[in-house]
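Using this note's numbering, read the sequence shown as starting at 28 and increasing by one per residue. We put the beta carbon where it would ideally sit given N, CA and C, even for glycine. First the structure, in the form of structure tokens, and then the observations on it.
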Amino acid sequence: ISVSKNMELAISADMLVAGVHFFADCDAYQLGWKSLAVNVSDMAAMGANPKWTTLSIALPEVNDSWLAEFSGGFFACADAFNVDLIGGDTTRGPLAISVQIMGEVPAGKAIKRSGAMPGDEIWVSGTLGDAAMALAVMQKRFDLSAVEFCKITNALHMPQPRVALGLALHGLATSAIDISDGLLADLGHILEMSEVGATIFLKQLPISDTVCGRFQLEQVKKMVLAGGDDYELCFTAPAEKHAEITALSSTLNLTLSTIGKITNNTGLIIRGANDEILDFKDTGFDHFNESL
């Protein structure tokens, strides 16, 4: 690969394992899309333009029909974001997928997790909790009508990486991360790397109509705050950039919401509907304690 002049190489990698990140009998096309999309989302969070990818996959047996469907979804995502597949590997074993992605970012301009400053506003794109609710329905931990389930299922199976937003945040955002393990967990990474604290407000969280109708339930609050698989961007920016970021919402046809502020204190405070401080212990997905 050849990186363009005045650009730096951005690299990320993700593994998806059956029974941990997806059901072994899930739709192969959707799995193919998601396998690449979650990596493209990492590029978006850095403000990088995704360019190249590698794909390695372990399969318990050769299934030509499954591979055709999986490849269809993977390459549909690759085409959507102009990513070239440049290598990979296959082996026999329990179903697992490993993707590495590389992209370009202007030299010295990558948006990192370590730049948040006290006084910065905290923003998120899109809506939160749809993917977690869809998963809960599939696991029979939550009930929705078929119509309502259809409204949120794509959030889980075919996430839409916010590449255009990430590129537009150069010069605006001080830090960014994509929400994969849950808002609280991923915002927590920004706070740790930036050595700051934060206050977020429950009433400012962007949620879909399906989630909103049930938001009074503690189970649903957990889905929004800690459910994960949103693949939206959480980013921080100085308050004086508020108008410019709001304008991006119209330009990109994407909901952008302020949900709180960065503080001098350490730790994260969550304020409820009446401005009370909430005691919320579940911060998000832990790869060594949780599974499907």
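- Would you kindly work out how many angstroms separate the C-alpha atoms of residue 9 and residue 236, rounded to a whole number? Outside the modelled stretch of the chain, which goes from 28 to 319, sits residue 9, for which no answer is possible.
- Item | Residue nearest to residue 47 in terms of C-alpha spacing, selected from 133, 104, 78 and 121 | Stepping through the sequence shown from its first residue, residue 47 is reached at position 20. The shortest C-alpha separation from residue 47 is found at 121.
- Message: Whole angstroms are fine: how far does the CA of residue 274 sit from the CA of residue 285?
- Response: Counted from its first residue, the sequence shown places residue 285 at position 258. Counted from its first residue, the sequence shown places residue 274 at position 247. When rounded, the distance between both Cα atoms is 13 Å.
- Query: Given residue 40, which residues of its chain have a CB within under 8 Å of its CB, disregarding the five upstream and five downstream residues?
  - Reply: Sequence index remark: in the sequence shown, residue 40 carries index 13 (1-based). Excluding positions up to five away in sequence, the list reads 66, 125, 126, 127 and 128.
- Message: Checking the sheet assignment: what are the DSSP bridge partners for residue 45?
- Response: Residue 45 sits at position 18 when you count from the first residue of the sequence shown. In DSSP, residue 45 forms a bridge with 49.
- Message: Using 9 Å as the threshold, is the C-beta distance between residue 205 and residue 188 below it?
- Response: Here residue 205 refers to the residue found at position 178 of the sequence shown. Here residue 188 refers to the residue found at position 161 of the sequence shown. Yes, Cβ-Cβ distance for residue 205 and residue 188 is below 9 Å.
- Residue span of the alpha helix (DSSP H) that contains residue 66, given as start and end: Here the question's residue 66 lines up with position 39 in the sequence shown. Element bounds for residue 66: 55-73.
- Item | Bounding residues of the alpha helix (DSSP H) (the contiguous stretch that carries residue 259) | Residue 259 sits at position 232 when you count from the first residue of the sequence shown. Where residue 259 is concerned, there is no enclosing alpha helix (DSSP H), given that its DSSP letter is neither H nor E.
- Message: Less than 9 Å between the C-beta atoms of residue 130 and residue 225, yes or no?
- Response: On the sequence shown, position 103 is the one that residue 130 refers to. On the sequence shown, position 198 is the one that residue 225 refers to. No, these two residues do not count as a Cβ contact at 9 Å.
- Item | Assigned secondary structure, residue 181 (DSSP; H/G/I helix, E/B strand, else coil) | Counting from 1 along the sequence shown, the entry for residue 181 is found at position 154. Helix at residue 181.
- On the DSSP bridge assignment, give the partners of residue 321 in chain order. Outside the shown range of the chain (28 to 319) lies residue 321, about which nothing can therefore be said.
- Item | Close-in-space but distant-in-sequence residues of the same chain around residue 314 (CB under 6 Å, 5 per side omitted) | Numbered from its first residue, the sequence shown carries residue 314 at position 287. Per-residue confidence for residue 314 stands at a pLDDT of 42, beneath the threshold of 50, marking its modelled position as unreliable; the derived number appears in the next sentence. Nothing meets the Cβ criterion.
- Answer yes or no: do residue 72 and residue 218 have a C-beta to C-beta separation smaller than 9 Å? Working through the sequence shown from its first residue, we reach residue 72 at position 45. Working through the sequence shown from its first residue, we reach residue 218 at position 191. No. Outside cutoff.
- Item | Environment of residue 312 [buried if 16+ CB atoms lie within 10 Å] | Taking the first residue of the sequence shown as position 1, residue 312 is located at position 285. At residue 312, the pLDDT of 46 sits below 50, so the modelled position is not reliable; the number obtained from the coordinates is stated separately. So residue 312 counts as buried.
- Item | Start-to-end residues for the alpha helix (DSSP H) that takes in residue 246 | The residue you call residue 246 lines up with position 219 of the sequence shown. That run of the alpha helix (DSSP H) goes 245-253.
- Task: Flag this pair as yes or no: are the beta carbons of residue 176 and residue 159 separated by less than 9 Å?
- Result: Counting from 1 along the sequence shown, the entry for residue 176 is found at position 149. Counting from 1 along the sequence shown, the entry for residue 159 is found at position 132. No, these two residues do not count as a Cβ contact at 9 Å.
- Item | Whether residue 186 touches residue 64 by CB criterion (9 Å) | One-based indexing of the sequence shown puts residue 186 at position 159. One-based indexing of the sequence shown puts residue 64 at position 37. In contact: residue 186 and residue 64 (Cβ atoms closer than 9 Å).
- Message: Suppose you measure from the CA of residue 194 to the CA of residue 132; what does that come to, to the nearest Å?
- Response: Along the sequence shown, read from residue 1 onward, the residue named residue 194 stands at position 167. Along the sequence shown, read from residue 1 onward, the residue named residue 132 stands at position 105. Distance from the CA atom of residue 194 to the CA atom of residue 132, rounded to whole angstroms, is 9 Å.
- Task: Check residue 205 in the structure and name its three-state DSSP category.
- Result: As a first step, residue 205 is located in the sequence shown; it is residue number 178 there, counting from the start. It is a strand residue.
- Task: Determine the DSSP secondary structure at residue 274, reduced to helix, strand or coil.
- Result: To locate residue 274, count along the sequence shown from 1; it is residue 247. Helix.
- Query: Considering only the beta carbon of each residue, do residue 93 and residue 184 sit closer than 9 Å?
  - Reply: Your numbering for residue 93 matches position 66 in the sequence shown. Your numbering for residue 184 matches position 157 in the sequence shown. No, Cβ-Cβ distance for residue 93 and residue 184 is not below 9 Å.
- Task: Confirm, please, whether the CB-CB distance from residue 298 to residue 304 is below 9 Å.
- Result: Counting from 1 along the sequence shown, the entry for residue 304 is found at position 277. Counting from 1 along the sequence shown, the entry for residue 298 is found at position 271. Contact flag set, yes.
- Message: Measuring alpha carbon to alpha carbon, tell me which residue in 145, 152, 136 and 87 is nearest residue 11.
- Response: Since the displayed the chain opens at 28 and closes at 319, residue 11 lies outside it and no answer follows.
- Query: DSSP on residue 219, reduced to helix/strand/coil?
  - Reply: As a position in the sequence shown, residue 219 is number 192, starting the count at 1. In this structure, DSSP gives residue 219 a helical state, which the three-state scheme calls helix.
- For residue 117, collect the residues of the same chain with a Cβ closer than 6 Å to its Cβ; drop the 5 residues on either side in sequence, then sort them by chain order. Counted from its first residue, the sequence shown places residue 117 at position 90. So the list reads 84, once near-sequence residues are dropped.
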